[in-house]
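Asker:
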């Protein structure tokens, strides 16, 4: 019998990953080779047990250290009605950024009062929609939005958070950085006072507190602590000046994910411990009532729970240079490596021969008409042949939302697996789907 620890790469696959008695990769008790045959490839596979486990981990680890906490899933990482239903069942709130995400949440039956709505360029219609459905918080990003919201709200009372840009470097990829001074997100320090004064004077706005978001892929807790310190110090100033008491503090998401063997971030518990101590300690020092804390994981919930299956096609060896392996997918279903490079590197195994020795170096490509159509550079795998099923880990976050139809590729199906059963939650796109919006 092959055990999981014999194959190090399985450590970054979904929690239920194992090698079955056929020597194939199994997730949630389902043979991935059989899944590829039944649903076709490329195919996204999510381990439902893993998803639920990560939701519960956040609730448990933060909740036992700081009871006044709300965990709000960020669906920009992965949005589907089935996913939002799962999140609702696990008792999480939702952190959306567009009316599209709001509409999908409503279609999934997600409680509107448990939705929080940041976003740096909300339209008139989006703000109207948020008020119509009585969502939990509109997170005001800028002075222009604040003025528009006051006019739209009229006699309605709207609960808001104000998004502050704390000017903190999260030490992550520049494309994933959102809380530095040079950012399109949130109010720069020079606008904080005007925004707060305007919001507090507006009779139709209820200012609950503040929001910030530093970025994604953080392996260090210090950026969170620095941002919390800056915001709580500011809240103390406002208490003296306006008798304003901060009731809610949203610190965004961004805790790092293990994508590669050997590159392990600190656990959620480590972040929860430090953040809880910082908030309670600083509130005591500043004579503030500890606010409701909102934490917004997205990638941390979905990334490791999802993986992608591809079928190996053409294998092209160029002596002295490299061996190209083409799959039936590519940047149409996973553009992250093309965008972020090695920062977004993933692991892979051959699903139909998981235990075979990794003897050959390959670069895994897609079938799209771009030289940058790369999934993984220079990975050691068993000797490949056409028809092998390649399983790529860590596909659960951002691969699906960033899909595209380049070269008129049809977007893959998505299945949830649990206890030996597979459930199709999104069918494969068809060519007919691609042409539906075309006019003669």
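In this note's numbering, the protein residues as written are 1 to 440.
Note that CB positions come from ideal geometry on N, CA and C, so glycine has one too.
#1: For a test of the three-state rule: what should DSSP assign to residue 104, helix, strand or coil?
#2: Could you name each continuous beta strand (DSSP E) segment of 3 residues or more that falls completely within the segment 93-151, going from the start of the chain to the end?
#3: Could you check whether the segment 32-45 touches the segment 325-337, counting it as contact only if at least three pairs of C-beta atoms, one from each stretch, sit closer than 8 Å?
#4: State whether the segment 361-375 contacts the segment 405-424, with contact taken as three or more CB pairs (one from each stretch) at a distance under 8 Å.
#5: Which residues bound the alpha helix (DSSP H) around residue 226?
#6: Looking only at its chain, what residues have a beta carbon closer than 6 Å to the beta carbon of residue 425, apart from the 5 residues adjacent to it on each side?
#7: Starting from residue 327, trace the beta strand (DSSP E) in both directions and tell me its first and last residue.
#8: What's the gap between the Cα of residue 212 and the Cα of residue 228?
#9: For residue 124, does the count of other Cβ atoms within 10 angstroms reach 16, so buried, or fall short, so exposed?
#10: Mark residue 144 as exposed unless 16 or more other C-beta atoms lie within 10 angstroms of its C-beta, in which case mark it buried.
#11: Indicate the three-state DSSP secondary structure (helix, strand or coil) for residue 1 in the structure shown.
#12: Just the C-alpha distance for residue 438 and residue 203, rounded to the nearest angstrom, thanks.
#13: Just to confirm the assignment, what range does the alpha helix (DSSP H) spanning residue 305 have?
#14: Looking at the strands, I want to know which residues DSSP matches up with residue 163.
#15: Over the uninterrupted alpha helix (DSSP H) stretch that includes residue 485, give me the two end residues.
#16: Can you tell me the Cα-Cα spacing of residue 365 and residue 339, whole angstroms?
#17: If you draw a straight line from the C-alpha of residue 290 to the C-alpha of residue 280, how long is it?
#18: Assign residue 165 to buried or exposed, taking buried as 16 or more other Cβ atoms, counted over all protein chains shown, within 10 Å of its Cβ.
#19: Among the residues of its own chain, which have a CB less than 6 Å from the CB of residue 244, if the five just before and after it don't count?
#20: Is DSSP giving residue 11 helix, strand or coil here?
#21: So residue 363 is in the beta strand (DSSP E); what residue range does that whole segment cover?
#22: Using a 10 Å radius around the Cβ and a threshold of 16 neighbouring Cβ atoms, would you call residue 231 buried or exposed?
#23: Starting from residue 259, follow the alpha helix (DSSP H) in both directions and report where the run begins and ends.
#24: Could you please give the first and the last residue of the uninterrupted alpha helix (DSSP H) stretch that includes residue 34?
#25: Do residue 69 and residue 293 come within 8 Å of each other at the CB atom, strictly closer than that value?
#26: Note the first and the last residue of the continuous alpha helix (DSSP H) segment covering residue 353.
#27: Per DSSP, what kind of secondary structure is residue 206 in: helix, strand or coil?
#28: Contact defined as beta carbons within less than 8 Å: I believe residue 266 pairs with residue 210. What is the distance between those atoms, to the nearest angstrom?
#29: Do you know whose CA, among 75, 147, 152, lies nearest residue 162's CA?
#30: Pick from 435, 431, 419: whose alpha carbon is nearest that of residue 29?
#31: Do residue 313 and residue 386 have their C-beta atoms within less than 8 Å of each other?
#32: Expressed to the nearest angstrom, what Euclidean distance is found between the alpha-carbon atoms of residue 307 and residue 50?
#33: Who are the Cβ neighbours of residue 150 in its own chain at under 6 Å, not counting the five residues just before and after it?
#34: In the DSSP assignment, what residue or residues form a beta bridge with residue 248?
#35: Report the rounded CA-to-CA distance for residue 332 versus residue 410, giving the unit in angstroms.
#36: On the premise that residue 376 lies in contact with residue 356, defined as a C-beta separation below 8 Å, what is that separation, rounded to the nearest angstrom?
Answerer: So, to answer that:
#1: helix
#2: 93-95, 115-117, 137-140
#3: yes
#4: yes
#5: 222-242
#6: 80, 82, 414, 416
#7: 322-327
#8: 9 Å
#9: exposed
#10: exposed
#11: For residue 1, the predicted model reports a pLDDT of 43, less than 50, meaning its position is unreliable; a value from the coordinates is still stated below. Coil.
#12: 47 Å
#13: No alpha helix (DSSP H) contains residue 305, which DSSP labels as neither H nor E.
#14: 211
#15: Limits of the chain in this structure are 1 at one end and 440 at the other, which puts residue 485 out of reach.
#16: 14 Å
#17: 6 Å
#18: buried
#19: 238
#20: helix
#21: 360-365
#22: buried
#23: First-last for residue 259: undefined, no H or E at that position.
#24: 32-39
#25: yes
#26: Counting along the chain, residue 353 falls outside any alpha helix (DSSP H), and DSSP gives it neither H nor E.
#27: strand
#28: Contact doesn't hold; Cβ gap of about 25 Å is too wide.
#29: 147
#30: 419
#31: yes
#32: 12 Å
#33: 202
#34: 209, 292
#35: 8 Å
#36: Not a contact, Cβ separation roughly 17 Å.
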